[in-house]
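Here the structure comes first, spelled out in structure tokens, and everything after it is commentary.
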């Protein structure tokens with residue numbers, strides 16, 4: 535006998551499956567980016583600066599994709615944003631404030647340059663046989679308001695995180711790296727979420743408060759997922775430095 539399954543039940547099962555899949559992907563995505571940041575830190579400050587710049591470009595590029603996490607609609611860029619902050623704090627922890635400030639401006643310049651170049655790319659008139667222009671347009675043609683809000687939020691939050699992390703490092707004499715990272719990141723990302731939401735989304739969405747709260751909660755989850763990488767960083771990077779000094 536064939537078991538009858540109602541269409542409503544089938545849709546519900548598929549929806550639950552998609553929710554679980556997205557959450558598993560988000561888990562893997564956040565962990566992968568976190569450990570990639572630690573790997574870059576092992577190769578030196580240049581690798582970290584490249585990584586931060588890449589995360590900034592990816593965050594601004596992929597922010598237009600909306601996904602479902604925990605039953606809520608969010609953007610797919612939060613893991614990239616937290617990855618950039620993690621790399622920035624690793625840079626400050628092991629290489630100092632001066633190079634960190636330089637990395638912020640390099641990554642901001644990279645994101646700004648990518649934005650300008652992508653708009654120039656869209657200006658080309660496609661050939662009659664071209665089938666990609668509509669896809670490029672959908673991906674790259676953000677409104678100037680959203681672009682400005684995203685870049686402004688990125689710059690302010692990165693500077694705020696740098697200042698807070700430096701203050702906490704001095705206050706605790708270099709101890710409690712994980713607690714310092716979580717504290718500075720949570721404050722900076724709250725500022726990032728508020729700035730982007732009010733500058734970019736105010737008047738365009740029905741419930742701005744809902745978007746702010748949910749976006750921030752997702753970032754809290756992403757920050758929590760960086761803790762294993764931070765624990766590994768204290769061993770991997772110190773071990774690497776000890777090896778270099780021995781040589």
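Residue numbers (the numbering used here): 535 to 781. Glycine included, every Cβ here is placed at the ideal spot set by N, Cα and C.
Rounded to whole angstroms, how far is the Cβ of residue i from the Cβ of residue j, which I believe are closer than 8 Å?
i, j, result
"residue 591", "residue 601", "That belief does not hold up - the Cβ atoms of residue 591 and residue 601 are roughly 19 Å apart, past 8 Å."
"residue 656", "residue 670", "6 Å"
"residue 554", "residue 757", "Not confirmed; about 22 Å, so no contact."
Name the DSSP beta bridge partners of residue i, please?
i, result
"residue 609", "600"
Below 9 Å between beta carbons: does that hold for residue i and residue j?
i, j, result
"residue 692", "residue 642", "yes"
"residue 620", "residue 567", "yes"
"residue 673", "residue 595", "yes"
"residue 613", "residue 586", "no"
"residue 715", "residue 754", "no"
"residue 557", "residue 603", "yes"
"residue 622", "residue 695", "yes"
"residue 627", "residue 711", "yes"
"residue 638", "residue 683", "no"
Taking the C-alpha atoms as reference points, what is the distance between residue i and residue j?
i, j, result
"residue 685", "residue 646", "7 Å"
"residue 659", "residue 648", "20 Å"
"residue 582", "residue 632", "14 Å"
"residue 578", "residue 629", "9 Å"
"residue 611", "residue 636", "23 Å"
"residue 734", "residue 574", "32 Å"
"residue 766", "residue 572", "8 Å"
"residue 561", "residue 662", "42 Å"
"residue 688", "residue 698", "15 Å"
"residue 565", "residue 584", "19 Å"
"residue 731", "residue 741", "11 Å"
"residue 651", "residue 709", "42 Å"
"residue 598", "residue 570", "24 Å"
"residue 782", "residue 736", "Since the first and last residues shown for the chain are 535 and 781, residue 782 lies out of range."
"residue 634", "residue 563", "25 Å"
"residue 769", "residue 761", "13 Å"
"residue 606", "residue 665", "33 Å"
"residue 719", "residue 713", "10 Å"
"residue 668", "residue 707", "54 Å"
"residue 725", "residue 654", "31 Å"
"residue 777", "residue 640", "Confidence at residue 777 is low in this model, with a pLDDT of 40, below 50, so its placement is unreliable and no value can be given for it."
"residue 743", "residue 727", "11 Å"
Q. At a cut of 8 Å, does the segment 699 to 714 reach the segment 742 to 754 through at least three beta carbon pairs?
A. no
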